[in-house]
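Per this note's numbering, the very first residue in the sequence shown carries number 3; after that it's consecutive.
We put the beta carbon where it would ideally sit given N, CA and C, even for glycine.
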Amino acid sequence: MSFSFKALHQSAIAKTGALIVMTMAISSCYLPVKFDAEIEVNRAGYYTMLFDGYLVDLTLYNKLVSGKMTPEEEKEKVAIIETDLLRDSKTNEFKYFGKGHFKVNWKGEGDLLDAKMVTFIRTSEVIFQLKYVANSGLIVFETKSISKDNRKRIVQMGLNMEGQIRFKTDMPIKDHNATYTKKDPKDKRFTWLVWDVKSVLQARPRALFIIE
3 MSFSFKALHQ
13 SAIAKTGALI
23 VMTMAISSCY
33 LPVKFDAEIE
43 VNRAGYYTML
53 FDGYLVDLTL
63 YNKLVSGKMT
73 PEEEKEKVAI
83 IETDLLRDSK
93 TNEFKYFGKG
103 HFKVNWKGEG
113 DLLDAKMVTF
123 IRTSEVIFQL
133 KYVANSGLIV
143 FETKSISKDN
153 RKRIVQMGLN
163 MEGQIRFKTD
173 MPIKDHNATY
183 TKKDPKDKRF
193 TWLVWDVKSV
203 LQARPRALFI
213 IE
């Protein structure tokens, strides 16, 4: 998975003047800017969820691009972020690339019916989330919630979101907004829902499945 920080830096320089106000209006810190994600949930409720890609800390990005952070302060902040993410044993890789961007590989698996909810990164900082709603017999998949105004602000900051989410399941699908679906070529009982994410301005990916 390649990523061009030169192009990002050139874009950001032209937008530095408005960054502080924009970032203050966006409360959530981490944004997935380029990623590949694969999720599987079967009828028994067993799940696997994998994220491999780049996240940006919006506050750190803003301070660096606007020249309001020293190299020493950047190093300290990155160490805090690294500790934060590696605290989760499901985080298998962390690598900082500069300008507030870092590479993360995360994989979780287990019994969703027992756990009730699984979140990458955490409940206060949702990138991807699976929820079992016991009283309705539904499993909900949804991604980061960003308001329409904040989506526009992110683009004005010189950032965007790009990637693909693949969701494999043999559960009945109640509703979804995937780009397309297809049967698994090796096992027709399973369906793949695929979201091609090309812009932060797109509707956030989500789906509902029937578990009972």
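Status (buried if at least 16 other CB within 10 Å, exposed otherwise) for residue i
| i | result |
| --- | --- |
| Y182 | exposed |
| M119 | exposed |
| V23 | In this predicted model, V23 has a pLDDT of only 42, less than 50, meaning its place in the structure is not dependable enough to derive any value. |
| V116 | It is Asp, not Val, that sits at residue 116 in the sequence shown. The residue in question, D116, is exposed, as its Cβ has fewer than 16 Cβ neighbours within 10 Å. |
| L203 | exposed |
Residue i and residue j closer than 9 angstroms at C-beta
| i | j | result |
| --- | --- | --- |
| V199 | G165 | yes |
| L114 | Y63 | no |
| G160 | V67 | yes |
| Y56 | F122 | no |
| T193 | I167 | no |
| V58 | V43 | no |
| S132 | I213 | A small correction: the amino acid at residue 132 is Leu; Ser does not occupy that position in the sequence shown. Their beta carbons are not under 9 angstroms apart, which means L132 does not touch I213 by this criterion. |
Endpoints, the alpha helix (DSSP H) within which residue i is located
| i | result |
| --- | --- |
| L115 | 114-117 |
| P34 | Note, P34: premise wrong, no alpha helix (DSSP H); beta strand (DSSP E) at 32-43. |
| E75 | 73-88 |
Residue interval of the beta strand (DSSP E) (run including residue i)
| i | result |
| --- | --- |
| E94 | The residue asked about is misnamed: residue 94 is Asn in this sequence, not Glu. 93-100 is the span of the beta strand (DSSP E), which, as asked, contains N94. |
| D59 | 48-59 |
| V154 | The identity of residue 154 in the sequence shown is Lys, whereas the question assumes Val. Counting along the chain, K154 falls outside any beta strand (DSSP E), though it belongs to the alpha helix (DSSP H) covering 150-158. |
| E214 | Here E214 belongs to no beta strand (DSSP E), and DSSP marks it neither H nor E. |
Proximity winner among the options, relative to residue i (alpha-carbon distances)
| i | options | result |
| --- | --- | --- |
| K188 | D172, N179, I212 | D172 |
| K176 | C31, V157, A209 | A209 |
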